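There are 2 protein chains.
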Amino acid sequence: MFFFNSHLGQIWSGISLAMDLLWRMGYAFGISLLTAWVIAPWIIKYLKRRKWEQVFRDQKEVRDLAQLHSAKARTPTMGGIIIVIATMSGTIFLVHWNFQVIVTLCTYLAVMFMGFIDDLAKVRAQNTRGIPGRMKLLIQFGLTLVIGGILYFNPDLYERYCVLPIPFSGYSLSITPFIFFIIFLFCVLAGTSNAVNLTDGLDGLVTSCAMPVIFFLGIVSFITGNGTLATLCQCPYIAGNGELGILCASLLGALIVFLWHNGYPASIFMGDTGSLSLGILIGMVAFLTNHPFHLMIGGGIFVLEALSDIIQVFSYKFRHQRRIFKMAPLHHHFELLGVHETKITRRFGIISGLLSLLSIVGLWHFWG
Amino acid sequence: MFFFNSHLGQIWSGISLAMDLLWRMGYAFGISLLTAWVIAPWIIKYLKRRKWEQVFRDQKEVRDLAQLHSAKARTPTMGGIIIVIATMSGTIFLVHWNFQVIVTLCTYLAVMFMGFIDDLAKVRAQNTRGIPGRMKLLIQFGLTLVIGGILYFNPDLYERYCVLPIPFSGYSLSITPFIFFIIFLFCVLAGTSNAVNLTDGLDGLVTSCAMPVIFFLGIVSFITGNGTLATLCQCPYIAGNGELGILCASLLGALIVFLWHNGYPASIFMGDTGSLSLGILIGMVAFLTNHPFHLMIGGGIFVLEALSDIIQVFSYKFRHQRRIFKMAPLHHHFELLGVHETKITRRFGIISGLLSLLSIVGLWHFWG
Chain V
1 MFFFNSHLGQ IWSGISLAMD LLWRMGYAFG ISLLTAWVIA PWIIKYLKRR KWEQVFRDQK
61 EVRDLAQLHS AKARTPTMGG IIIVIATMSG TIFLVHWNFQ VIVTLCTYLA VMFMGFIDDL
121 AKVRAQNTRG IPGRMKLLIQ FGLTLVIGGI LYFNPDLYER YCVLPIPFSG YSLSITPFIF
181 FIIFLFCVLA GTSNAVNLTD GLDGLVTSCA MPVIFFLGIV SFITGNGTLA TLCQCPYIAG
241 NGELGILCAS LLGALIVFLW HNGYPASIFM GDTGSLSLGI LIGMVAFLTN HPFHLMIGGG
301 IFVLEALSDI IQVFSYKFRH QRRIFKMAPL HHHFELLGVH ETKITRRFGI ISGLLSLLSI
361 VGLWHFWG
Chain F
1 MFFFNSHLGQ IWSGISLAMD LLWRMGYAFG ISLLTAWVIA PWIIKYLKRR KWEQVFRDQK
61 EVRDLAQLHS AKARTPTMGG IIIVIATMSG TIFLVHWNFQ VIVTLCTYLA VMFMGFIDDL
121 AKVRAQNTRG IPGRMKLLIQ FGLTLVIGGI LYFNPDLYER YCVLPIPFSG YSLSITPFIF
181 FIIFLFCVLA GTSNAVNLTD GLDGLVTSCA MPVIFFLGIV SFITGNGTLA TLCQCPYIAG
241 NGELGILCAS LLGALIVFLW HNGYPASIFM GDTGSLSLGI LIGMVAFLTN HPFHLMIGGG
301 IFVLEALSDI IQVFSYKFRH QRRIFKMAPL HHHFELLGVH ETKITRRFGI ISGLLSLLSI
361 VGLWHFWG
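Here the protein sequences come in this chain order: V and F. The first sequence begins at 1 in our numbering and counts up one residue at a time. The second sequence begins at 1 in our numbering and counts up one residue at a time.
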């Protein structure tokens, strides 16, 4: 009975803080949506004129898939720029700058830059290699070290981020030696970033799967950043997390417009510029709001896509070149089974929505 | 400062009532979702075996459209049965029966029955006539009279439902002479029912446009049915409206599964069984929660579709057979302009989502 133990004034101030944040989230959403709406056609035209178009793997490499995707040739890539610009414009005007927001945005922009170089290398060389995978992982590891280091030298922050609630259990897991903490952080950041990148293989697939996840993360930020709500839900309270909600709201606005153009038949792809940065943003927000384990449920589609890829590689290596899926990641498997591309996208999106809902329910720590 | 004027106990009881309702809504959503998931494949198979398939207008009647839609032949119709069964199963176990729920469900089932007869007539005669339009309107008018009459003889209910808040204004409109009340009620019920029916022309179009509207109506029911929340938002409070939220949650669960099968390329259509009943349910809930004017924003897509049809007819009649749209309703216009079907559905769905969000914002009566 939290309500009877606290002062009325405290509850009221909690509620008015929540209302203030809600309004700012609404405005951020609106500004980002409008910005994206205005700039998207311009950027698409510009990318087309520069001939920065997606390069596809050929018949030799991917067999039937090359034919299935033949209609996608000459579609401009690097549309992630739209998402980044819109998200930034929604955020900078309404956010109260604090540690969480600055770290998240710096990581976001750094990874976006890496993705941009990657896309550019692919477009210039007209092949699908880009920056080597090891190099990307190394950069992501460097970022992890920097973020982990900053946290380590702020003991009160570090203390909070080591203790992670487990969904539907009421228990928390403590990740104590610093080395484990760094490894875990790397798994979260590199995991989300690369899983989202892997998922980006069909028109609108990443966008429709990411939108519910961002919505879920917005709610997590909203609750963990508000003392009253966090107490009500028995969530950890981390001051300033509400501002990450502004980021999520902006991103959601940008993604809605992006889906408008990116849906089948796509007029633009987000490229690595969009997918790597979107992924790491999801990972960062989940980590800074202390709910990466909930993300494993909510972002289940991304987890499945990454797992299917890993399983396929292991099966190929250790089971005498036998495959489990017709092709990895998962969405190509269904595509080769003859399911229409839009149907896969829609169904993955629906599953992502239901999983995000489930992880929102799991926020409530009365369980267990 | 509502919070300082009321007793702590009152706030607490308001919050715990809201939590109880939220849980029941969640369970209703889950039960409906699971029911639909289980029965959908069976019903689709059954309808296919009985050859109850959608009949399309031919080349003579609709020219190019017939060719565009040629791939849709042999798709079973009357899938609305899945929605109705799932919605009912989610509702009956969790709802606390009261006036609003009983009236809504009776109307829902009556209209579903009418739609079913209509579909059956079309399938049997293998043409697209079915029950004549005038007959349908007459039945809808009869229903309106019954509902209006019941309300008229319950003065305290009637008083409430005559006063309708206008979005974004802070004012309310009073519809006082009974004859105006009946005409207005008829416009709302027949309007929504037929507008949703008109919109049902592309794979998944009604489903994706209706889902945000149902979500919006669920929130309206939740707020207007809870004393604390209604006071906070300065909404009218109508005891028992929360139970309509259970209905909305069930319907949402059913629609998600229906979209799974109904999305392009559709394995099933909802037919008039689904669309007429879905429409009247939307109208009933909007009316019983006292927010039909908000529905005109939230259900803007349905309004536009109906308007485009009316404008086209008038233009054809009074402007020497000239047309404004290539074809009415609106979605066929875009289709004939060469926009891909899935793109129209997705974009209409996005617009519907944004409009529903706007009308949720408009619920807050501090405006004006």
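We treat Cβ as the ideally placed atom computed from N, Cα and C, and that holds for glycine. All values reported here derive from a predicted model rather than from experimental measurement.
- Taking a beta-carbon distance threshold of 8 Å, F:P76 does not count as an interface residue toward chain V.
- For a cut-off of 8 Å, the C-beta gap from V:F258 to V:I83 is around 6 Å, short enough to register as a contact.
- Identification of chain V residues near F:K122 by a Cβ-Cβ cut-off of 9 Å yields none; the smallest Cβ-Cβ distance measures about 27 Å.
- The shortest C-alpha to C-alpha distance from F:M88 to any of F:M114, F:Q67, F:L34 is the one to F:L34.
- Using a Cβ distance threshold of 8 Å, V:I238 and V:T228 do not count as a contacting pair.
- DSSP places F:V303 in the helix class (H, G or I) of the three-state scheme.
- Residue-level contact by beta carbon holds for F:K343 and chain V, with a gap shorter than 8 Å.
- Distance check between V:M296 and each of V:P265, V:G338, V:L363, V:A249 places V:L363 closest, using alpha-carbon atoms only.
- For F:H340, the nearest beta carbon of chain V is closer than 8 Å to its own beta carbon.
- Membership of F:P236 in any beta strand (DSSP E) is not indicated, and neither H nor E is assigned to it by DSSP.
- The Cβ atoms of V:L173 and V:V285 do not sit closer than 8 Å to each other.
- The residues P329, H331, H332, in chain order, have a CB closer than 8 Å to that of V:G201 in the same chain once the five nearest residues on each side in sequence are set aside.
- Of all residues in the region 246 to 265 of chain F, only I256, V257, L259, W260, G263, Y264, P265 place a beta-carbon less than 9 Å from a beta-carbon of chain V.
- Residues of chain F whose Cβ lies closer than 8 Å to the Cβ of V:G26 are, in chain order, V361.
- Contact with chain F is found for V:I350, since one of that chain's Cβ atoms lies less than 8 Å from the residue's Cβ.
- Per DSSP, the continuous beta strand (DSSP E) segment holding V:V163 begins and ends at 163 to 165.
- Beta bridge pairing from DSSP links F:L173 with F:L164.
- For F:R346, the closest Cβ of chain V is nearer than 8 Å.
- For F:N262, the enclosing alpha helix (DSSP H) covers residues 242 to 262.
- In this structure V:K343 is buried. Its beta-carbon is surrounded by 16 or more other beta-carbon atoms within 10 angstroms.
- Counting along the chain, the unbroken alpha helix (DSSP H) around V:D119 starts and ends at 99 to 125.
- Taking a cut-off of 8 Å on C-beta distances, the region 174 to 188 of chain V touches the region 135 to 147 of chain V, as three or more cross pairs fall below it.
- Residues T87, I214 of the same chain have their beta carbon placed closer than 6 Å to that of V:L251, with the five preceding and five following residues left out of the count.
- Taking a contact to require three or more Cβ pairs closer than 8 Å, the region 277 to 291 of chain F and the region 158 to 173 of chain F qualify as touching.
- Pairing V:W97 with V:A40, the inter-Cα distance amounts to about 27 Å.
- Around the CB of V:Q126, fewer than 16 other CB atoms lie within 10 Å, so the residue is classed as exposed.
- As the crow flies, the alpha-carbon of V:S208 is around 20 Å from that of V:G90.
- V:E61 is classed as exposed because its beta carbon has fewer than 16 other beta carbons within 10 Å across all chains shown.
- The secondary-structure analysis by DSSP pairs V:P76 across a beta bridge with V:E53.
- When the alpha-carbon of V:I31 is set against those of V:A249, V:I131, V:L281, the nearest one is in V:A249.
- Relative to F:R74, the option among F:S267, F:I131, F:V95, F:L22 whose CA is nearest is F:S267.
- Only residues of its own chain outside the window of five on either side were considered, and among them G279, I280, I282, G283, A286, L295, G299, F302 have a CB closer than 8 Å to the CB of V:T192, listed in chain order.
- Annotation: V:F325 to V:G338 spans about 14 Å, alpha carbon to alpha carbon.
- The beta carbon of F:I175 is closer than 6 Å to those of C162, F181, F184 in its chain, skipping five residues each way along the sequence.
- Counting of Cβ neighbours within 10 angstroms places F:A36 among the buried residues, the total reaching 16 or more.
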